[in-house]
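For reference, the structure discussed in these notes is given below.
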Amino acid sequence: MKQEVLIRHCETIEDFEIAKTITHDYMIWLGMDLSFQNTDKEFAVFNRMYGEAGGAYIYASINGEVAGGVGFRKLSNDICEMKRLYIYEDYRGYGLAFRLCQELLSLSKSMSYCKMRLDTISKLVKANSLYDKIGFRDIPKYYDNPNPTVRYMEINL
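Numbered as in numbering that gives the first Met the number 0, the sequence shown ends at 156 without a single skipped number.
Written out as C-alpha cells, the structure is:
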C-alpha cells in the first residue's frame, strides 16, 4: 500500500493541540526531567512560542495518522532554535525526521533567520547522526543544560 505522507504547518487550535500531544509524548519517551527548560511555561505559551512569536511547528502524518513533529522558536532576530524533534516508533524508517528537518530549515530561512541552533544528548544516536548529515556543527554552549552528554549545534541557513 502506498504511504501518503503529509507535512502540515500548525495554524489552527487543533493543529497546536496535536503539536502539544507530540511534544508531551516526546518528553515521556525521553524519560528525562526537562524542568530546567521551563517546560511548564512552554506548554502555557505553546501556540505563541511556536506560532506568532517568531516560531513554528510542523508535523507529519502518514495515511492520516500523526507520525511526528518538530518546532523552532526565536532566540534572537537572526537565530532560532530547533525543539523537540520526535517521530513515533511505528513511523520510524520512512525518512520523516529528515523531511521534517529540511522543511523546518526552509521555513526558518523564509522567516529571515540566519542560523538555527539545537541541543541534543549522546543517547539520541540517530538524531545526532541526522544532525551531522544535515550539516549542523558543534558550537560552544549557548545555555545551561545539566546533562553531561549534551551537544550544542548550529547550522547556517
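Built from N, CA and C at the ideal position, the CB exists for glycine as well.
As the structure is a computational prediction, the values presented were derived from the model and not from experiment.
Per DSSP, reduced to three states, the secondary structure at residue 100 is helical. Taking a C-beta distance under 8 Å as the contact criterion, residue 83 and residue 70 qualify as a contact pair. Two segments are said to touch when three or more pairs of C-beta atoms, one from each, lie closer than 8 Å; by this definition the stretch 64-78 touches the stretch 18-27. Per DSSP, the continuous alpha helix (DSSP H) segment holding residue 19 begins and ends at 12-29. Using a Cβ distance threshold of 8 Å, residue 93 and residue 25 do not count as a contacting pair. Assigned with DSSP and collapsed to three states, residue 142 falls in coil, not helix or strand. In its chain, beyond the 5 residues on either side, no residue has a beta carbon closer than 6 Å to the beta carbon of residue 110. According to DSSP, residue pairing for residue 45 in a beta bridge does not occur. By the neighbour-count criterion, in which 16 or more other beta carbons inside 10 Å mark a residue as buried, residue 27 falls on the exposed side. The stretch 51-61 makes contact with the stretch 6-13: 3 or more CB pairs, one atom from each, lie closer than 8 Å. Within 10 angstroms of the beta-carbon of residue 130 lie 16 or more other beta-carbons, which makes it buried. In this structure, the straight-line span from the alpha carbon of residue 125 to that of residue 100 is close to 13 Å.
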